[in-house]
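Accompanying notes for the structure given below.
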Amino acid sequence: MRKSKTRRRVAVKTAAISAVGAGILFGAVPAIASMSAAPKLVHYTCDVGETGPTGIPYAFQMDLTGPLATPTPNATVVATWKIDQPTPAITATASIPATGRLAVEADMVIAGTPLPSPLESRVVDATAAAAPATAGQPLAPPPMLVTVTPTATGAITLRPEGFTLYLNSGTGTGATDVDLLDCTVATPAEATAAALVINVQTPGAPATGPSSTPPTTPPATPPTTPPITTPEPTVTLTRTKTADPVKTGGQIEKTPDGAAATGGGGDAGPDARLIMFSGALMVAFAGIGGLVLRRRTATRG
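Read in order, the letters of the sequence shown are residues 1 to 301 in full-length UniProt numbering.
This is the structure we're talking about:
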């Protein structure tokens, strides 16, 4: 009964999932989760049990994590989807025997150009180990694994959708499944915010975390140009020496050492000049006197 109910739920939601998935694929709906991001809150509307109340609101923490290493094309990528306890908490309405196993079956929208099918709605499930539980004990859905194999580089988006939590009791052909919660997403924007984005890169490329923004190509580095060296200015010092004025038209004032003492009359002082002038007068008068005497002697003879 449970599986037919889940399949009906999947069939009814196929058209809506395809529309939302197309938005994820072409970037109309941004995905902002990452491999190491904290769980994201998503509101659901749930039906309790097979005959219980319907339309009960729950706020689940959706925890999606990807691989630690950056995946490469043609390599298997495994992601984990864990549904944490909601508000209010999920508890067992009755005692669960030791053979009881808690199980979950969920829908996930997988989109991305690196995949062979760029848009897929997949059903994933997980079953916990058998363990007894008492009435009122919190129930934790087991984590689910999602496996994809990209064939090219690019971004892969994993978006959580509705799920069914049920109890599997017994083993073999006598096993029965009892629905506990059948939930659908009440706020699609919150499911989009909880989506996981995995970047697939070529081997050897720098590792980057998941992101909704495609990798950017760094601009080409222009060729380096040798720096232009500015020559230092040359400082020229010019010294101008003015020569002393040269006296013209006179005798040498000083006679070099060891030469003949000529032209020293000017250096004799005022007394020496007076004596020389007197001597010159005496010579002149003597000459004149000699001429006069000679003339008188000639006249007498």
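Every residue gets a Cβ at the ideal spot worked out from N, C-alpha and C, and that includes glycine.
Handout entry: Buried/exposed call for Glu50, threshold 16 Cβ in 10 Å
Key = Residue numbering aside, residue 50 sits at position 50 when the sequence shown is read from its first letter. With fewer than 16 other Cβ atoms within 10 Å, it is exposed.
Exercise for the section: Take every Cβ of the stretch 136-150, pair it with every Cβ of the stretch 60-80, and state whether three or more of those distances are shorter than 8 Å. Expected result: The stretch 60-80 and the stretch 136-150 touch, with three or more beta-carbon pairs separated by less than 8 Å.
Exercise for the section: Classify Thr192 as helix, strand or coil using the three-state DSSP reduction. Expected result: Along the sequence shown, one-based indexing puts residue 192 at 192. Secondary structure at Thr192: helix, using DSSP grouped into helix, strand and coil.
Problem - Whole-angstrom C-beta distance between Pro116 and Pro73, which should lie under 8 Å - result: Here residue 73 refers to the residue found at position 73 when the sequence shown is read from its first residue. Here residue 116 refers to the residue found at position 116 when the sequence shown is read from its first residue. Actually they do not touch by this definition, with Cβ atoms about 12 Å apart.
Problem - Residue closest to Ile156, alpha-carbon to alpha-carbon, out of Pro141, Leu119 and Val197 - result: The sequence position of residue 156 within the sequence shown is 156, counting from 1. Taking only the C-alpha atoms, the option nearest Ile156 is Val197.
Exercise for the section: Sort out for me which residues DSSP pairs Ala79 with in a bridge. Expected result: Translated into the one-based positions of the sequence shown, residue 79 becomes position 79. Answer is Val146, bridged to Ala79.
Practice task
Alpha carbon to alpha carbon, how far is Glu120 from Ala38? Give it in angstroms, no decimals.
Solution key: Within the sequence shown, residue 38 is the residue found at index 38, counting from 1. Within the sequence shown, residue 120 is the residue found at index 120, counting from 1. Cα to Cα, the separation comes out at about 25 Å.
Handout entry: Check whether Asn168 and Thr127 have beta carbons under 9 Å apart
Key = Here residue 168 refers to the residue found at position 168 when the sequence shown is read from its first residue. Here residue 127 refers to the residue found at position 127 when the sequence shown is read from its first residue. Closer than 9 Å, so yes.
Handout entry: Same chain, Cβ closer than 8 Å to Ala15, neighbours up to 5 away in sequence not counted
Key = Along the sequence shown, read from residue 1 onward, the residue named residue 15 stands at position 15. Because Ala15 carries a pLDDT of 35, less than 50, the predicted location of this residue cannot be relied on, and the following value inherits that uncertainty. Hits under 8 Å: none found.
Problem - Which of helix, strand or coil DSSP assigns to Ser117 - result: Here residue 117 corresponds to residue number 117 of the sequence shown, with the count starting at 1. Three-state DSSP puts Ser117 in coil, outside helix and strand.
Handout entry: Limits of the unbroken beta strand (DSSP E) element including Glu161
Key = Mapped onto the sequence shown, residue 161 falls at position 161. From DSSP, the beta strand (DSSP E) with Glu161 extends over Gly154 to Ser169.
Exercise for the section: Could you please give the first and the last residue of the uninterrupted beta strand (DSSP E) stretch that includes Gln201? Expected result: Counting from one through the sequence shown, the residue named residue 201 turns up at place 201. Element bounds for Gln201: n/a, residue is neither H nor E.
Practice task
For the beta strand (DSSP E) containing Ile110, list its first residue and its last residue.
Solution key: The count along the sequence shown starts at 1 and reaches residue 110 at position 110. Taken as a continuous stretch (DSSP letters only), the beta strand (DSSP E) holding Ile110 covers Arg101 to Ala111.
Exercise for the section: With a 10 Å radius around its C-beta and 16 neighbouring C-beta atoms as the bar for buried, classify Arg294 as buried or exposed. Expected result: Taking the sequence shown and counting its residues from 1, the one referred to as residue 294 is at position 294. Arg294 should be labelled exposed.
Exercise for the section: Leaving aside the five residues before and after Arg122 along the sequence, list all residues of the same chain whose C-beta is less than 7 Å from its C-beta, in chain order. Expected result: One-based indexing of the sequence shown puts residue 122 at position 122. Excluding its 5 nearest sequence neighbours in each direction, Arg122 has C-beta neighbours in its own chain below 7 Å: Met108 and Ile110, listed in chain order.
Practice task
Taking all protein chains shown into account, decide if Gly162 is buried (16 or more other Cβ within 10 angstroms of its Cβ) or exposed.
Solution key: Translated into positions along the sequence shown, residue 162 becomes position 162. Buried, because 16 or more other Cβ atoms sit within 10 Å of the Cβ of Gly162.
Practice task
For the beta strand (DSSP E) containing Gln61, list its first residue and its last residue.
Solution key: Numbered from its first residue, the sequence shown carries residue 61 at position 61. Residues Ile56 to Thr65.
Problem - Secondary structure of Ala126, DSSP reduced to three states - result: Numbered from its first residue, the sequence shown carries residue 126 at position 126. In this structure, Ala126 counts as strand in the three-state DSSP scheme.
Problem - Whole-angstrom distance between Leu180 and Pro97, CA atom to CA atom - result: Taking the first residue of the sequence shown as 1, we reach residue 97 at position 97. Taking the first residue of the sequence shown as 1, we reach residue 180 at position 180. Straight-line spacing of the CA atoms in Pro97 and Leu180 works out to 15 Å.
Exercise for the section: Classify Pro30 as helix, strand or coil using the three-state DSSP reduction. Expected result: In the sequence shown, counting from the first residue as 1, residue 30 sits at position 30. In this prediction, Pro30 scores a pLDDT of 35, lower than 50, which makes its location untrustworthy; no coordinate-derived value is stated.
Problem - Secondary structure of Leu281, DSSP reduced to three states - result: As a working mapping, residue 281 is identified with position 281 in the sequence shown. Residue state, collapsed to three classes: helix.
Problem - Anticipated Cβ contact below 8 Å, Glu190 with Lys40, distance rounded - result: In the sequence shown, the residue the question calls residue 190 occupies position 190. In the sequence shown, the residue the question calls residue 40 occupies position 40. Confirmed, Cβ separation roughly 7 Å.
Handout entry: Residues that DSSP places opposite Ala133 in a beta bridge
Key = Within the sequence shown, residue 133 is the residue found at index 133, counting from 1. Ala133 pairs with Ile96.
Practice task
Compute the distance between the beta-carbons of Thr164 and Ala130, then report whether it is under 9 Å.
Solution key: Along the sequence shown, one-based indexing puts residue 164 at 164. Along the sequence shown, one-based indexing puts residue 130 at 130. Their beta carbons are not under 9 Å apart, which means Thr164 does not touch Ala130 by this criterion.
Exercise for the section: Tell me where the beta strand (DSSP E) around Thr176 begins and ends. Expected result: Taking the first residue of the sequence shown as 1, we reach residue 176 at position 176. Segment Thr176 to Val185, the beta strand (DSSP E) holding Thr176.
Exercise for the section: Could you pull out every residue in the same chain whose Cβ sits closer than 8 Å to the Cβ of Thr151, ignoring the five residues on either side in sequence? Expected result: Numbered from its first residue, the sequence shown carries residue 151 at position 151. If we look at Thr151 and ignore the five residues flanking it on each side, its Cβ neighbours are Pro73, Asn74, Pro114, Leu115 and Pro116.
Practice task
Excluding the 5 residues preceding and the 5 following Thr94 in the sequence, name in chain order all residues of the same chain whose CB lies nearer than 6 Å to its CB.
Solution key: For the purposes of this step, residue 94 is identified with residue 94 of the sequence shown, where counting begins at 1. At residue 94 the sequence reads Ala, which differs from the Thr that was named. Closer than 6 Å at the Cβ level, and outside the excluded window around Ala94, lie Ala135.
Practice task
Let me know the secondary structure DSSP gives Leu274 once reduced to three states.
Solution key: Within the sequence shown, numbered from 1, the residue matching residue 274 stands at position 274. Of the three classes helix, strand and coil, the one that applies to Leu274 here is helix, per DSSP.
Handout entry: Given Gly52 as reference, the closest of Ala89, Glu105 and Val178 once Cα atoms are compared
Key = As a working mapping, residue 52 is identified with position 52 in the sequence shown. Comparing Cα positions, the closest option is Val178.
Problem - Range of the contiguous beta strand (DSSP E) that encloses Thr45 - result: Sequence index remark: in the sequence shown, residue 45 carries index 45 (1-based). Taken as a continuous stretch (DSSP letters only), the beta strand (DSSP E) holding Thr45 covers Lys40 to Val48.
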